[in-house]
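Just so we're aligned: the sequence shown equals residues 1 to 253 in the working numbering. A short write-up of the structure that comes next.
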Amino acid sequence: MAISAYEELRRALGDPELDPELLERALTHRSYAYEHGGLPTNERLEFLGDSVLGVVVTETLYRAHPDLSEGRLAKLRAAVVNARALADVARRIGLGQYIKLGRGEEATGGRDKASILSDTVEAVIGAVHLSAGIETSADVVHLLFDPLIEAASAMGAGLDWKTSLQELAAEHSLGVPEYVIQDEGPDHAKTFTAQVRVAERLYGNGHGRSKKEAEQGAAETAYGEIVAAQAAASAESGPAESAAPIEPAPADD
């Protein structure tokens with residue numbers, strides 16, 4: 001794809017200074033690189049962009065919420081910096097049409113796959129950072145993510161981990177999450193404990209004064225552990241194995 005074809009994408013990013021070769025690399029998925037003789041992939045730029053995104057979002061939340069605890073800030077950040085949210089940003093700017101994919105990923109809908117879209121967003125942020133520095137890359141992050149940051153702040157403790165977990169499980173063919181609920185205490189003061197079963201593995205525990213609150217806690221734990229397993233599996237697998245479903249690691253006893 002000619003560099004001029006990326007002009008619309010550049011405008012969607014706020015028209016930052018952007019090295020054409022770095023942008024090209026940011027859009028090169030490993031499946032494409034593997035099929036074309038081992039071209040450089042976007043994975044190193046993704047690694048850099050993930051850090052830039054994390055720092056900018058974290059500082060924004062830190063300054064905007066001086067009274068929130070570390071735990072609450074971490075929850076808000078997780079609502080913004082996750083595969084589902086990043087994929088939504090990618091779709092909003094039409095990023096999928098620019099990604100260079102291998103034939104296998106192309107045939108299986110890779111242009112709209114959340115994991116590929118989210119990784120590519122981070123790679124593009126990394127490319128902007130190397131091209132123009134932290135101030136410009138922070139401007140791009142704010143342009144793309146400030147609406148999400150504001151929405152997460154408005155939702156507060158109501159972050160929908162159950163929906164995020166369900167979408168993650170569907171993406172990796174892990175089946176529908178099933179929740180196991182236990183309660184204790186008198187009717188007027190019950191407390192609930194939830195675990196969630198995903199692909200025959202049990203995750204949890206979530207606690208709360210309602211079933212919904214307990215389920216959200218269990219879903220948050222499961223989401224984090226499955227994403228960690230996904231990242232570890234991606235690091236260990238070769239390009240030919242990248243489309244295989246992810247099997248999450250066993251939950252701790």
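Here a beta-carbon is modelled for each residue, glycine too, at the ideal position from N, C-alpha and C.
* To do: Take Y223 and list the residues in its own chain whose beta-carbon comes closer than 7 Å to its own, dropping the five residues that flank it on each side.
  => W161, S164, L165 and L168
* Considering only residues of the segment 57–106, which uninterrupted alpha helix (DSSP H) runs meet the minimum length of 4 residues and lie entirely inside it, listed in chain order? -> 70–80 and 83–92
* Between which two residues does the alpha helix (DSSP H) containing V128 stretch? -> A114 to A132
* Using a Cβ cut-off of 7 Å (strictly closer), state whether E213 contacts chain C. => Among the chains in the structure shown there is no chain C, since it carries only a single protein chain.
* Whose C-alpha, out of R30, V56, R11 and A26, is nearest the C-alpha of S137? -> V56
* Give every residue of the same chain whose Cβ lies closer than 6 Å to the Cβ of P16, excluding the five residues on either side of it in the sequence, and list them in chain order. => V128, A132, T136 and V140
* Hey, how far is the Cα of P147 from the Cα of V80? -> 10 Å
* **Inter-stretch contact (C-beta, 8 Å, three-pair minimum) for the segment 181–197 and the segment 213–220** => yes
* Determine the closest residue to L117 out of A228, E70, E171 and A64, with distance taken between C-alpha atoms. => E171
* Could you have a look at H207 and say whether DSSP puts it in helix, strand or coil? => strand
* Count the other CB atoms, across all protein chains shown, that sit within 10 Å of the CB of E46; report buried if there are 16 or more and exposed otherwise. => buried
* To do: Answer yes if the segment 87–104 comes into contact with the segment 60–67, meaning at least three C-beta pairs across the two stretches below 8 Å, and no otherwise.
  => no
* Would you kindly work out how many angstroms separate the C-alpha atoms of E8 and A64, rounded to a whole number? => 32 Å
* Taking the beta strand (DSSP E) that Y179 falls in, what are its first and last residues? -> E178 to E184
* To do: Over the uninterrupted alpha helix (DSSP H) stretch that includes R25, give me the two end residues.
  => P20 to A26
* To do: Spatial neighbours of D50 within its chain, please: CB distance less than 7 Å, with the 5 preceding and 5 following residues excluded, ordered by chain position.
  => E122
* Contacting residues, own chain, Cβ-Cβ under 6 Å from L76 (five flanking each side not counted) -> L61 and A152
* Have a look at A157 and A78 and give me their C-alpha separation to the nearest angstrom. => No answer about A157 holds up, because its pLDDT of 45 lies below 50 and its placement is not dependable.
* Asked: Looking at R201 and E178, is the spacing between their C-beta atoms short of 7 Å?
  -> no
* Out of L174, R44 and L144, which has the shortest C-alpha to C-alpha gap to A229? -> L174
* What residue range is occupied by the uninterrupted alpha helix (DSSP H) comprising A33? -> R30 to E35
* Asked: For A194, which residues does DSSP report across the bridge?
  -> I181 and G206
* Asked: Are there 16 or more other CB atoms within 10 angstroms of the CB of A33, so buried, or fewer, so exposed?
  -> buried
* Thinking C-beta only, is R111 closer than 7 Å to G96? -> yes
* Would you decide whether H188 is buried or exposed? Buried here means 16 or more other CB atoms lie within 10 Å of its CB. => exposed
* **Other residues of its chain near R103: CB distance less than 7 Å, five sequence neighbours each side excluded** => E35
* To do: Please report the residue range of the alpha helix (DSSP H) in which E167 lies.
  => W161 to E171
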